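For the sequence shown, my numbering assigns the number 19 to the initial residue and increments by one for each residue that follows.
See structure below.
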Amino acid sequence: MKRFRPYRETQEIRDKYADVPRILPDDFIYPYFVVEGEGVKTEISSMKGVYRFSIDSLLIDLQDLLSLGINKALLFGVIAEDQKDERGSAGYRHDNIISRAVQAIKQRFPQFIVFTDVCLCEYTSHGHCGLLHHHDVENDATLPLLAEMAYQHAVAGADFVAPSAMMDGQVDAIRKRLQEENLHTKILAYSAKYASAFYGPFREAADSAPSFGDRKSYQMDFRTKEQGLDEIAADIEEGTDWIMVKPAMAYLDMLYRASQRFSDYPLVAYQVSGEYSMLKNGAAQGYFDEGRIFFESLTAIRRAGAKYIISYYAKEFVRNKYYEQDKV
Ligand code: PBG
């Protein structure tokens, strides 16, 4: 008989054997939804504890984030319906909402690391991530628009641009554009991004649901296995700096495989809106303890090999010190 129970006898002994002992503030990237206006802070009904902020309110909230030791955020723009058009031009105008937010953040907190989401769906009237031709999303015609958006975010001072449109060649188009302009902004590619039902609550948060059809012709089919690694390899070849698997919890196998295969590249996992809402609501219903369920889920994501985690729960997790065993 091999005895395992001695590894588990006391908290101290368990701590000693833990491969992922804790999750630190530095491991998190916190997502923000940015809207026009002043003094706006509105809770998103599908995501309790997550808000849409106007730029001034965002700066106040960032102080809170920084005081928790979290120094990275990912920004999404949310605009009014009447600002949207077929080409998503509000997303790459010089004075687009994200560029203004980045400038404000960098002016106030120059050391803060800003990531920006680069995609058309938040800005197009039809809600698709690229240009439409009849009812098809056109890949190549979308690339210059994504490159333009990335360029606008980059000149505003973004540290990372994060293309999430799942258009082939998007990293290459962005990399070339940034190089031409002599910008050293890095790229975090949403490399293996699956067409997932777990994005449900986000589409309300960002008001970005497609008005017809779905995203299956550009986001990945979750029934594939090797293809996710091929997608990541292609993004690396095109010059991405960091890579991502998204969503996280139902894709731990892909995270693990990516971390093994591409160990030189910082791997990011996105614990998406549906994962957040599921755990949060389940805890609110009393089915499980909130701190413990998030601690377990986030630990699994790190154990699978993610270096950084984009999570809507980051603030609460750090604030309540849920990474300390005696707190959960
Ligand atoms: C934009 C984008 C989406 C998410 C991140 N960037 C939505 C989508 O692809 O439909 C989802 C994030 C989440 O669910 O938390 N393309």
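Beta carbons: idealized from backbone N, C-alpha and C, even for Gly.
Note that the structure is predicted; figures quoted are calculated from it, not measured.
Per DSSP, what are the beta-bridge partners of residue 69 in this structure?
61
Is residue 234 near ligand 1 - that is, is its Cβ less than 8 Å away from at least one heavy atom of it?
no
Pick from 30, 195, 236: whose alpha carbon is nearest that of residue 9?
No answer is possible for residue 9: the residues shown for the chain start at 19 and end at 346.
Less than 8 Å between the CB atoms is what I'm expecting for residue 349 and residue 223, so what's the real figure, rounded?
Limits of the chain in this structure are 19 at one end and 346 at the other, which puts residue 349 out of reach.
Ends of the beta strand (DSSP E) at residue 169?
No beta strand (DSSP E) holds residue 169; the alpha helix (DSSP H) holding it covers 157-174.
At a cut-off of 8 Å, would you count residue 168 as near ligand 2, judging by its Cβ distance to the nearest heavy atom?
For ligand 2, the structure offers nothing, since it holds only ligand 1.
Compute the Euclidean distance between the alpha carbons of residue 57 and residue 281, then round it to the nearest angstrom.
43 Å
CB-CB length for residue 189 against residue 258, believed under 8 Å:
5 Å
Integer Cβ distance of residue 144 from residue 104, believed to fall under 8 Å:
7 Å
Terminal residues of the alpha helix (DSSP H) in which residue 214 lies
Note, residue 214: premise wrong, no alpha helix (DSSP H); not H, not E.
CA-to-CA distance, residue 333 to residue 308, given in whole angstroms
13 Å
Report yes if the CB atom of residue 227 is closer than 9 Å to the CB atom of residue 262, and no otherwise.
no
Decide yes or no for the touch test of the region 63-71 against the region 20-30: beta carbon pairs closer than 8 Å, at least 3 of them.
no
Using only the heavy atoms of ligand 1, determine whether one of them is closer than 8 Å to the beta carbon of residue 52.
no
Tell me which residue opens and which closes the alpha helix (DSSP H) that residue 317 is part of.
308-321
Rounded to whole angstroms, what's the CA-CA distance from residue 250 to residue 244? Just pull it up for me.
10 Å
Comparing the CB of residue 106 with every heavy atom of ligand 1, is any distance shorter than 8 Å?
no
The region 67-74 / the region 32-45 touching (three or more Cβ pairs under 8 Å)
no
Hey, quick one: how far does the beta strand (DSSP E) through residue 329 stretch, first residue to last?
326-329
Which residues bound the beta strand (DSSP E) around residue 262?
260-264
Let's test the definition: count the other Cβ atoms within 10 Å of the Cβ of residue 25 and tell me whether it reaches 16, buried, or not, exposed.
exposed
Proximity winner among 86, 157, 94, relative to residue 179 (alpha-carbon distances):
94
Can you give me the start and stop residues for the beta strand (DSSP E) that residue 95 sits inside?
90-95
Can you tell me whether residue 197 is buried or exposed, with buried defined as 16 or more other CB within 10 angstroms of its CB?
exposed
Go to residue 41, then tell me how far its beta strand (DSSP E) extends in each direction, as first and last residue.
Neither: residue 41 is in no beta strand (DSSP E) and is coded neither H nor E.
Taking 7 Å as the limit between beta carbons, can you name the residues of its chain near residue 170, skipping five residues before and five after?
110, 112, 114, 117
Own chain, CB closer than 6 Å to residue 68, minus 5 neighbours either side, in chain order:
62, 330
Quick one: what does DSSP say residue 289 is sitting in, helix, strand or coil?
strand
Just the Cα atoms here: how many angstroms apart are residue 191 and residue 181?
11 Å
Rounding to the nearest angstrom, what Cα-Cα distance links residue 96 and residue 186 in this structure?
24 Å
Which one of 247, 158, 274 has the shortest CA to CA distance from residue 323?
274
Please classify residue 162 as buried or exposed, where buried requires at least 16 other C-beta atoms within 10 Å of its C-beta.
exposed
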